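The sequence shown begins at -18 in this note's numbering and counts up by one.
For every residue, glycine included, the Cβ atom is placed at its ideal position computed from N, Cα and C.
Remember, predicted model here, so these are calculated numbers, not experimental data.
This report refers to the structure that appears directly beneath it.
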Amino acid sequence: MRNRLIAANWKMHKTPAESTAFLASLFPLVQNNTSAEIVICPAMTSLAPLADAARGSSIAVGAQTMHWLDSGAYTGETSPTMLTAMGVTHVLIGHSERRQYFNETDTTVNLKLKSALQHGLVPIVCVGEHINERNRDLTEDVLRLQISVALEGIDCEKLGPLVVAYEPVWAIGTGHTATPETAEDAHKIIRAEIRRHAGEEIAAGTRILYGGSVRPENAGSLNGMEDVDGALVGGASLESDSFAQIVALFAEQPA
Ligand code: PEP
-18 MRNRLIAANW KMHKTPAEST AFLASLFPLV QNNTSAEIVI CPAMTSLAPL
32 ADAARGSSIA VGAQTMHWLD SGAYTGETSP TMLTAMGVTH VLIGHSERRQ
82 YFNETDTTVN LKLKSALQHG LVPIVCVGEH INERNRDLTE DVLRLQISVA
132 LEGIDCEKLG PLVVAYEPVW AIGTGHTATP ETAEDAHKII RAEIRRHAGE
182 EIAAGTRILY GGSVRPENAG SLNGMEDVDG ALVGGASLES DSFAQIVALF
232 AEQPA
C-alpha cells in the first residue's frame, strides 16, 4: 500500500504572515490524520517562515520550483542547497505553469529531478496533456514522452523518493476535474512508463498524485481509484477548511 500524499500548491498567493496563519488554522483540522502525508508548497518568500513554523510537526514544506545548480549567476533563481538549508524537503518540478510561462521543458525537468534526488529533496514531477493533445488522442504519447525524458540517465536505485503528479492542463484551475476513470487510465500509463525505465519495484512504490480542480466534492471518488495515491491541490488548498477536508477524504481507506 502506497502512503497517500496530499500537496498544496499555493502558486503566487499568500504573504509570509498569511502562510503561517494558515498553518496555525490547519494544525487542529488535521490532528487526527496519521496516515496521509501533507506537504505545503508556498511562494519562495514563505518557505523559511513556514518551514520554521512546521518544524517538529507532520506537515512538510515544498518549493514550487528550483534551479538544478547549487549556485551561480542565475538572477532570481533558488538553488537546492538554499532550499534544504531552510528545512524544505519537497519540490515541485515542471508544473505546467512553469512550462507554459517560464520555458521549462522535459530537459530541464530531467536536470532538476537529478539535482533534487542528489540533494535529498522529494521531487514531485508534474506531467499532463493539453486539451488539443487529448482531443487528438495523444495523451498516452505525451505522458510517456514526459516521463521518459524526465527519467533519462537516472539510476533506478536513486528513484525511490520519486513522486509524479498527473495534472491534465485542461483541468488546472478550470473546474473541469478529470473523471476518476480518466485519471486512473493516465496514472496506469505513467506507472507503466516508470516500470519500463526503472522496473517493477520502483514503479509499484511510486506515488502518483492527481491534480486539476480537486475539491472536497470529488476527492473521495478520486481516492477510490487503484493508481491514485493522493492529490496536488491548487485553488482548494488556499482555505484551510477545504484543504483539510481533502486530506481527510484521501486519508480514508478506499472501500
Ligand atoms: C495546480 O496548480 O497544481 C492545480 C492542481 O490547481 P487547481 O487545483 O486549482 O486546479
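Shortest Cα-Cα distance from ILE40 to any of GLY180, ALA217 and PHE8 involves PHE8.
Counting only residues of its own chain and dropping the five nearest sequence neighbours on each side, GLY193 has a CB closer than 7 Å to the CB of GLU148, PRO149, ALA152, ILE153, THR158 and ALA159. When distances are taken from the beta-carbon of LEU(-14) to the heavy atoms of the ligand PEP, even the shortest one reaches 7 Å or more. In the DSSP assignment, ASN(-10) falls within the beta strand (DSSP E) that extends over -14 to -10. If the five residues before and after ALA232 are omitted, its C-beta is found closer than 6 Å to the C-beta atoms of ASN14, SER16 and ALA17, all from its own chain and listed in chain order.
Placement of the Cβ of ASN204 at a distance of 7 Å or more from every heavy atom of the ligand PEP is found. Remark: the C-beta of SER27 is outside contact range of the ligand PEP, defined as less than 7 Å to any heavy atom. The C-alpha of PRO61 is placed about 10 Å away from the C-alpha of MET67. Taking the CA atoms as reference points, ASP166 sits about 42 Å from ALA54.
Residue side-chain check: VAL195 places its Cβ nearer than 7 Å to a non-hydrogen atom of the ligand PEP. In this structure, LEU213 has its CB closer than 7 Å to one or more heavy atoms of the ligand PEP. For ARG188, the secondary structure class from DSSP, reduced to helix, strand or coil, is strand.
In the DSSP assignment, VAL20 falls within the unbroken beta strand (DSSP E) covering 18 to 22.
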